[in-house]
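As numbered in the UniProt record's numbering, residues 1 to 343 make up the sequence shown, in order. The beta carbon of each residue, even a glycine, is placed where N, CA and C say it ideally should be.
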Amino acid sequence: MAELIDADSLTWKTNLVEGVFNSNEALLICSIPLNLRNNSDQMIWVSNAKGVFSVKSAYFLDCLIKQQSVGEASNGVAVLLKRQIVEDGLCPICQSNEENVIHVLWNCSAAMDVWGERESPLNKWSSVYKDFRLLWLDMVNRLDVVQLDQAAVILYKIWARRNCFVFKNIFHSPLALVKSALNEVEVFHESQVRLTYVADRLLPQINAVEWRPPADPFYKLNFDAAFDSEKRLMECYALLRSIKLCHELCLYQVVLEGDAKAVVDSVNGYNNNHSWQGLLIEDIQFFMKGQADWSLKFTKRHGNKAAHIVAKLGMYLDSESVWIEEGPQEVLSITLLEKPCTV
Ligand SMILES: [Zn+2]
Numbered sequence: 001m002a003e004l005i006d007a008d009s010l011t012w013k014t015n016l017v018e019g020v021f022n023s024n025e026a027l028l029i030c031s032i033p034l035n036l037r038n039n040s041d042q043m044i045w046v047s048n049a050k051g052v053f054s055v056k057s058a059y060f061l062d063c064l065i066k067q068q069s070v071g072e073a074s075n076g077v078a079v080l081l082k083r084q085i086v087e088d089g090l091c092p093i094c095q096s097n098e099e100n101v102i103h104v105l106w107n108c109s110a111a112m113d114v115w116g117e118r119e120s121p122l123n124k125w126s127s128v129y130k131d132f133r134l135l136w137l138d139m140v141n142r143l144d145v146v147q148l149d150q151a152a153v154i155l156y157k158i159w160a161r162r163n164c165f166v167f168k169n170i171f172h173s174p175l176a177l178v179k180s181a182l183n184e185v186e187v188f189h190e191s192q193v194r195l196t197y198v199a200d201r202l203l204p205q206i207n208a209v210e211w212r213p214p215a216d217p218f219y220k221l222n223f224d225a226a227f228d229s230e231k232r233l234m235e236c237y238a239l240l241r242s243i244k245l246c247h248e249l250c251l252y253q254v255v256l257e258g259d260a261k262a263v264v265d266s267v268n269g270y271n272n273n274h275s276w277q278g279l280l281i282e283d284i285q286f287f288m289k290g291q292a293d294w295s296l297k298f299t300k301r302h303g304n305k306a307a308h309i310v311a312k313l314g315m316y317l318d319s320e321s322v323w324i325e326e327g328p329q330e331v332l333s334i335t336l337l338e339k340p341c342t343v
């Protein structure tokens with residue numbers, strides 16, 4: 001194992017890992033974060049928030065495993081994945097009705113699971129529609145503009161999920177589908193703030209913006225994370241990556257700022273947490289202590305807008321992306337709004 005790690009830079013020897021393992025395994029291995037403090041290994045219990053084993057946490061884990069196995073049997077996804085594509089015109093997902101547009105997008109039980117999700121804009125609807133035109137007319141009449149956008153993206157994603165199932169045998173959960181649709185609509189709306197619109201409304205907007213530049217000669221680095229689950233752990237990773245970036249850029253006076261209050265408080269306070277998250281906090285504290293002019297501050301979410309949008313964009317990237325000087329188009333409107341604060 002040690003041979004796969006570069007002892008000086010404490011990074012994976014990517015070329016060696018790729019030479020020894022297949023591409024998926026290599027990707028997985030290289031994505032495992034390495035301990036940056038060179039301290040000894042320790043055993044942690046991952047099913048407890050503090051990384052400590054207790055009978056109670058083992059009991060909850062047992063319940064969770066049982067629940068998952070019941071869930072798999074009842075939603076039938078495992079069974080569906082084993083089925084071959086049939087040529088009888090039946091819906092390839094539920095196999096019990098003729099496959100047509102309104103069935104796939106609305107009447108199929110798999111589609112109803114999506115629309116019934118708590119965050120779906122249509123989760124209280126129970127109407128039955130004979131064709132898609134009637135459904136769409138009803139949507140246009142009953143939904144506001146944002147909800148209609150969300151519904152349109154969900155419709156597209158239900159269709160794309162059906163194709164993904166037929167051609168790749170992969171079936172995404174209703175929750176993952178709805179979440180990714182809502183994220184995309186949010187990113188889309190943020191990127192649609194037009195410059196002319198900004199110019200017209202600049203003054204009232206300035207009062208609402210809370211991001212503030214650091215005092216000279218400090219740099220400010222805003223961080224955020226977006227993920228389907230384990231948000232706090234991801235926020236730790238985002239902060240750790242931000243810190244490494246400051247190191248790489250040789251910045252000595254830095255204000256790190258994020259809206260992850262629990263993470264910021266843990267790093268600035270006393271940490272006796274031995275979970276994965278706790279170990280990451282230790283890494284972060286170790287780095288922060290080595291830099292006299294670095295500080296970590298909490299800001300509310302609207303003071304961290306650009307980082308928030310970039311984090312959401314990151315969910316759709318396959319590999320790390322770094323922009324120097326100019327950022328992605330989607331955050332341009334936010335940074336332009338915040339720019340007057342620096343004057
Ligand atoms: Zn069906």
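Do residue i and ligand 1 come close, with the Cβ less than 7 Å from some heavy atom?
i: ALA164; result: It is Cys, not Ala, that sits at residue 164 in the sequence shown. Because no heavy atom of ligand 1 lies under 7 Å away, the Cβ of CYS164 does not count as near it: no.
i: ALA110; result: yes
i: HIS103; result: yes
i: ILE158; result: no
i: ASN97; result: yes
i: residue 355; result: This structure leaves residue 355 out entirely; the chain is present only between 1 and 343.
i: CYS250; result: no
i: CYS236; result: no
i: CYS30; result: no
i: CYS63; result: no
i: CYS246; result: no
i: ILE154; result: no
i: ILE324; result: no
i: ILE281; result: no
i: ILE309; result: no
i: ILE44; result: no
i: ILE93; result: yes
Give the straight-line distance between the Cα atoms of residue i and residue j, rounded to the nearest whole angstrom.
i: MET315; j: LYS231; result: 13 Å
i: SER191; j: PHE286; result: 37 Å
i: ILE102; j: VAL146; result: 22 Å
i: ASP336; j: SER321; result: The question names Asp, yet the displayed sequence has Leu at residue 336. Using only the alpha carbons, I get a separation of about 21 Å.
i: ILE85; j: TRP136; result: Interpretation of ILE85 is limited by its pLDDT of 45, a score under 50 that renders its predicted location unreliable; the figure taken from the coordinates is listed afterwards. ILE85 and TRP136: Cα-Cα distance of roughly 29 Å.
i: VAL79; j: LYS168; result: Reliability of the predicted coordinates at VAL79 is poor, the pLDDT of 44 falling under 50, and no value is obtained from them.
i: GLY76; j: HIS172; result: The predicted position of GLY76 is uncertain, since its pLDDT is 39 and thus under 50; a value taken from the coordinates is nonetheless stated next. Near 13 Å, if we compare the C-alpha coordinates of HIS172 and GLY76.
i: GLU117; j: ALA226; result: 20 Å
i: ASN39; j: LEU10; result: 12 Å
i: TYR270; j: LEU28; result: 32 Å
i: VAL263; j: LEU240; result: 11 Å
i: GLU184; j: ALA111; result: 19 Å
i: LYS56; j: TRP45; result: 12 Å
i: ILE65; j: LEU279; result: 25 Å
i: ASN141; j: GLU119; result: 20 Å
i: ILE243; j: CYS164; result: 38 Å
i: ASN273; j: GLY19; result: 37 Å
i: GLY327; j: SER333; result: 11 Å
i: ALA58; j: LYS50; result: 13 Å
i: PHE60; j: GLU282; result: 27 Å
i: CYS236; j: GLN277; result: 7 Å
i: ASN123; j: LEU313; result: 26 Å
i: ASP265; j: VAL166; result: 47 Å
i: LEU4; j: PHE188; result: 41 Å
i: ALA303; j: LYS339; result: Before going further, note that residue 303 is Gly rather than Ala in the sequence given. Those two C-alpha atoms are separated by around 13 Å.
i: PHE53; j: MET43; result: 10 Å
i: residue 368; j: CYS246; result: This structure does not reach residue 368, given that the chain is present from 1 up to 343, and the question cannot be answered.
i: LEU249; j: ILE324; result: 11 Å
i: LEU34; j: ALA2; result: 11 Å
i: TRP12; j: TYR252; result: 26 Å
i: ASP62; j: ASP113; result: 27 Å
i: VAL254; j: HIS308; result: 19 Å
i: GLN150; j: ALA215; result: 41 Å
i: ILE284; j: VAL267; result: 7 Å
So, does the CB of residue i fall closer than 8 Å to a CB anywhere in chain B?
i: ASN163; result: In summary, chain B is missing from the structure at hand, where a single protein chain is found.
**Item:** Cβ contact check for the segment 127-147 and the segment 96-111: 3 or more pairs under 8 Å
**Value:** yes
**Prompt:** Does the count of Cβ pairs from the segment 153-161 and the segment 175-186 closer than 8 Å reach three?
**Reply:** yes
**Cβ pair count under 8 Å reaching 3, the segment 283-302 against the segment 209-216** = yes
**Message:** Taking contact to mean 3 or more Cβ pairs, one atom from each stretch, closer than 8 Å, check whether the segment 251-259 and the segment 214-222 are in contact.
**Reply:** yes
**Request:** Would you mind listing the alpha helix (DSSP H) stretches within the segment 22-47 that are 4+ residues and don't spill past its ends, in chain order?
**Result:** 23-30
**Request:** Write down every uninterrupted run of the alpha helix (DSSP H) in the UniProt domain "RNase H type-1" (234-313) whose length is 4 residues or greater and which is fully enclosed by it, in chain order.
**Result:** 261-268, 276-289
**Item:** Runs of alpha helix (DSSP H) lying entirely within the segment 107-131, each at least 4 residues, in chain order
**Value:** 109-115
**Message:** Quick check on the DSSP output: what are the complete alpha helix (DSSP H) runs of length 4 or more inside the segment 150-194, in order along the chain?
**Reply:** 174-191
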